[in-house]
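Under mature numbering (1 follows the signal peptide of the UniProt record, and there is no 0), read the sequence shown as residues -21 to -1, 1 to 101, first letter to last.
Idealized CB from N, CA, C, for every residue including glycine.
Small disclaimer: the values here were computed from a predicted structure and weren't measured.
Notes follow once the structure below has been shown.
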Amino acid sequence: MQFIQSIVVFWTAYLLQYSCASSVGECRSECLEMNKYKIVRVHLKEDVVRAGVCRNVTSTNPSDEDSAPKSHVFPFICDRKIGIWEIDEQDEEGIVDFSIACPQVEEVESELLNTCPKSPEK
């Protein structure tokens, strides 16, 4: 059952990356993915975008390979008017384990990443 849920989540995210690009205000997917991770879940709200970013897990113990998760999805949130992504500490699910690896990252030019909004304290 978890495998089917994983497939549904990843397929939905794949479709959403093409259909939601114009509806996220200042929140840009490449500014969250940073050529390292892949967005696999998106929830659009009136003022915010919530997204789950997939990160592959490397197992250090070969005996855990079958039972250990292959990836984790971390929750992020972005105010549509500001465009700065932050960890979503209010997310109900938190960090979620998955039994399949993350989709492949689609890299963008570093010049585009340099235009991402930055948090004032950084």
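- Out of His51, Val28 and Arg29, the CA that lies nearest to the CA of Asp76 is found in His51.
- Taken in chain order, the complete beta strand (DSSP E) segments of 3 residues or longer contained in the region 5 to 35 are 17 to 23 and 27 to 35.
- Excluding residues up to 5 positions away in sequence, Asn14 lie with their Cβ nearer than 8 Å to the Cβ of Glu86 in the same chain.
- The alpha-carbon separation between Gln83 and Ile66 amounts to approximately 22 Å.
- The continuous alpha helix (DSSP H) containing Ser89 extends over residues Ser89 to Leu92.
- Here DSSP, grouped into helix, strand and coil, assigns Ile56 to strand.
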